[in-house]
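>
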Amino acid sequence: MQAVILAGGQGTRLRPLTARTPKPMVPLFDRPVMEHTLLLLRKHGIQQVFVTLSYRAREIIDFFGGGSRWGMRIHYSIEDEPMGTAGGVRRFASSLHDTFLVISGDAVTDFDLSEAVAFHRRKGAIATMLLYSVEDPTPFGIVETDDDGRIRRFLEKPSMNEVFTNTVNTGIYVLEPYALRFVPDDQPYDFSRNLFPRLLANNDPFFGFRAQGYWCDIGNLLQYRQAHFDALTNKVSLELPAEPVRPGGWIGENAVVDGNVKLEPPFYVGAGTRLQRGAAIGKHAVIGARCLVESEASIRASIVGPGARVGAGTQLTHCVVDSGAHVEARTALSNAVLSAEVTAPLASSLPLAA
1 MQAVILAGGQ
11 GTRLRPLTAR
21 TPKPMVPLFD
31 RPVMEHTLLL
41 LRKHGIQQVF
51 VTLSYRAREI
61 IDFFGGGSRW
71 GMRIHYSIED
81 EPMGTAGGVR
91 RFASSLHDTF
101 LVISGDAVTD
111 FDLSEAVAFH
121 RRKGAIATML
131 LYSVEDPTPF
141 GIVETDDDGR
151 IRRFLEKPSM
161 NEVFTNTVNT
171 GIYVLEPYAL
181 RFVPDDQPYD
191 FSRNLFPRLL
201 ANNDPFFGFR
211 AQGYWCDIGN
221 LLQYRQAHFD
231 ALTNKVSLEL
241 PAEPVRPGGW
251 IGENAVVDGN
261 VKLEPPFYVG
271 AGTRLQRGAA
281 IGKHAVIGAR
291 CLVESEASIR
301 ASIVGPGARV
311 GAGTQLTHCV
321 VDSGAHVEAR
331 TALSNAVLSA
341 EVTAPLASSL
351 PLAA
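Here our numbering is used: the first residue of the sequence shown is 1, the next is one more, and so on.
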């Protein structure tokens with residue numbers, strides 16, 4: 001089976017993490033977010049993947065290459081001008097010969113994709129949306145189905161008084177190649193705004209599959225932070241590149257933990273990181289690979305990107321620290337994001353609403 005990964009977005013709401021890094025390459029437990037997507041696809045037997053690219057495309061291609069490291073074949077298409085979600089997939093139409101998946105390269109999920117494909121085939125669908133229930137549906141497209149799962153109506157990003165369900169479109173689709181015949185090859189075209197309304201108007205077999213498991217669209221820094229917390233507490237199943245050393249605690253290869261360091265689960269410490277004497281790694285702390293946490297520093301409920309340095313005596317609570325950033329000694333930060341370019345953090349940190 002084949003899949004298309006949509007990986008062309010700029011991720012502006014994740015800045016400053018995406019100021020120098022394409023959103024699919026933002027680290028999630030020392031792996032690019034898109035690598036977690038590849039691992040999920042591989043788990044469900046998908047070996048050929050097509051990737052739509054635009055922003056900082058070369059960085060993604062250089063990292064993933066032809067896909068041999070994952071036992072997959074990866075092909076790319078770079079859009080000079082945005083072609084929309086369906087328009088980007090349309091470029092691969094000549095290579096998509098059977099039922100295929102479309103999935104975002106920057107969402108975190110552990111959905112049973114095989115079950116979704118089986119549902120799609122059982123219904124004889126031309127297109128199937130994977131649906132999920134959320135508390136606040138207004139940032140997403142909301143979807144209503146009949147008792148058989150056939151989509152009756154949907155609405156993109158409704159206002160609160162327009163909401164008729166909390167079931168949303170996850171942006172993960174199962175499609176038949178035939179569906180792409182409706183997509184023009186010379187203009188931008190979107191699944192939710194263009195193709196799906198057409199299928200609905202034509203009364204084509206268009207279904208919604210209510211997925212079970214975990215799904216998080218890491219569209220902003222709060223969601224990015226929350227995805228880490230959820231993985232630490234086993235709300236989502238991810239392959240972490242570290243060994244469990246106790247329930248809720250992971251430490252990567254060649255990490256060094258000096259004497260009198262306090263580790264309070266759940267936590268994650270990446271490969272090659274050093275925790276100096278007296279450091280305190282509290283609940284929901286994620287320290288990326290090759291970091292230095294100096295003596296007496298305290299990190300709690302925070303994400304520290306790979307290669308960052310946290311100065312002696314510093315206190316971080318509910319923060320996100322960019323890869324390679326340097327937090328000065330004896331700094332106290334709460335609900336802030338720290339850019340890699342900033343050495344004096346208090347003047348340049350951005351608020352993270354709790």
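Don't be surprised by glycine CBs; every beta carbon is placed ideally from N, CA and C. Quick caveat: nothing in here was measured; it's all calculated off a predicted structure.
1) Tell me, please, whether the stretch 235–245 touches the stretch 190–205 by the rule of three or more beta-carbon pairs shorter than 8 Å.
2) Alpha helix (DSSP H) containing G87: first to last residue?
3) Going by the beta-carbon positions, is the gap between A312 and E296 smaller than 7 Å?
4) Rounded to the nearest angstrom, what separates L38 and R210 at their Cα positions?
5) Touch check for the stretch 80–89 and the stretch 180–199: three-plus C-beta pairs under 8 Å?
6) Taking the Cβ atom as the reference point for each residue, do D106 and K235 lie within a distance shorter than 7 Å?
7) Let me know the beta strand (DSSP E) ranges lying completely inside the stretch 47–106, each 3 residues or longer, listed in chain order.
8) Assuming contact is defined by CB atoms lying nearer than 7 Å, are E253 and A271 in contact in what I supplied?
9) Using DSSP bridges, identify the partner residues of D110.
10) State the CB to CB distance for the pair L53 and S68, rounded to an integer number of angstroms; the pair is presumed to be in contact (CB under 8 Å).
11) Could you tell me which residues DSSP puts in a beta bridge with D217?
12) From this set, I46, I287 and I218, which residue's C-alpha is nearest I74's C-alpha?
13) Any contact between the stretch 168–177 and the stretch 98–115? By contact I mean 3 or more CB pairs, one from each, below 8 Å.
14) Can you grab the Cα-Cα spacing for the pair I281 / Q315, in whole Å?
15) Would you give the residue range spanned by the alpha helix (DSSP H) that F191 belongs to?
16) Provide the residue span of the beta strand (DSSP E) that contains M129, from first to last.
17) What residue from T233, R90 and Q276 has the CA that sits closest to P266's CA?
18) On a CA-only basis, which of M129, V33 and T273 is nearest V257? Give me that one, please.
19) Exposed or buried, R225, counting other C-beta atoms within 10 Å across all chains shown (16 or more means buried)?
20) Within the same chain, show all residues whose beta-carbon is closer than 8 Å to that of E135, passing over the 5 residues directly before and after it, in chain order.
21) I'd like the span of the alpha helix (DSSP H) that includes L39, first residue to last.
22) The beta strand (DSSP E) that contains V163, what's its start and end?
Straight from the coordinates:
1) Per the Cβ contact rule, the stretch 235–245 is not in contact with the stretch 190–205 (fewer than 3 Cβ pairs under 8 Å).
2) Sequence index remark: in the sequence shown, residue 87 carries index 87 (1-based). Run containing G87: G84 to R90, per the alpha helix (DSSP H) assignment.
3) What you label residue 312 is simply residue 312 of the sequence shown in a count that begins at 1. What you label residue 296 is simply residue 296 of the sequence shown in a count that begins at 1. Yes, the pair counts as a contact, with Cβ atoms nearer than the cut-off.
4) Locating residue 38 in the sequence shown gives position 38, counting from the first residue. Locating residue 210 in the sequence shown gives position 210, counting from the first residue. Cα to Cα, the separation comes out at about 22 Å.
5) These segments touch.
6) Counting from 1 along the sequence shown, the entry for residue 106 is found at position 106. Counting from 1 along the sequence shown, the entry for residue 235 is found at position 235. No, they are not a contact pair.
7) DSSP runs (the beta strand (DSSP E)) wholly in the stretch 47–106: 48–53, 73–78 and 100–104.
8) Start at 1 with the first residue of the sequence shown, and residue 253 comes out as number 253. Start at 1 with the first residue of the sequence shown, and residue 271 comes out as number 271. Cβ atoms of E253 and A271: closer than 7 Å.
9) On the sequence shown, position 110 is the one that residue 110 refers to. Bridge partners of D110: none, in fact.
10) Numbered from 1 along the sequence shown, position 53 holds the residue referred to as residue 53. Numbered from 1 along the sequence shown, position 68 holds the residue referred to as residue 68. Contact flag wrong, Cβ pair sits at about 19 Å.
11) Here residue 217 is taken as the residue at index 217 of the sequence shown, counted from 1. Residue pairing by DSSP places D217 opposite A107 in a beta bridge.
12) Along the sequence shown, one-based indexing puts residue 74 at 74. Of the listed residues, the one whose Cα sits closest to I74 is I46.
13) The stretch 168–177 vs the stretch 98–115: in contact.
14) Along the sequence shown, read from residue 1 onward, the residue named residue 281 stands at position 281. Along the sequence shown, read from residue 1 onward, the residue named residue 315 stands at position 315. About 10 Å.
15) Numbered from 1 along the sequence shown, position 191 holds the residue referred to as residue 191. Looking at the DSSP string, F191 is not in any alpha helix (DSSP H), and its letter there is neither H nor E.
16) Numbered from its first residue, the sequence shown carries residue 129 at position 129. First-last of the beta strand (DSSP E) with M129: A127 to S133.
17) The residue labelled residue 266 in the question sits at position 266 within the sequence shown. The residue from T233, R90 and Q276 with its alpha-carbon nearest to that of P266 is T233.
18) Counted from its first residue, the sequence shown places residue 257 at position 257. For V257, the nearest C-alpha among the options comes from T273.
19) As a working note, residue 225 is residue 225 in the sequence shown. Buried.
20) By 1-based counting over the sequence shown, the position of residue 135 is 135. By the criterion of a C-beta distance shorter than 8 Å, E135 is surrounded in its chain by N166, once the five residues flanking it on both sides are discounted.
21) For the purposes of this step, residue 39 is identified with residue 39 of the sequence shown, where counting begins at 1. Residues V33 to K43.
22) For this step, residue 163 is matched to residue 163 along the sequence shown. Taken as a continuous stretch (DSSP letters only), V163 belongs to no beta strand (DSSP E), as it is neither H nor E.
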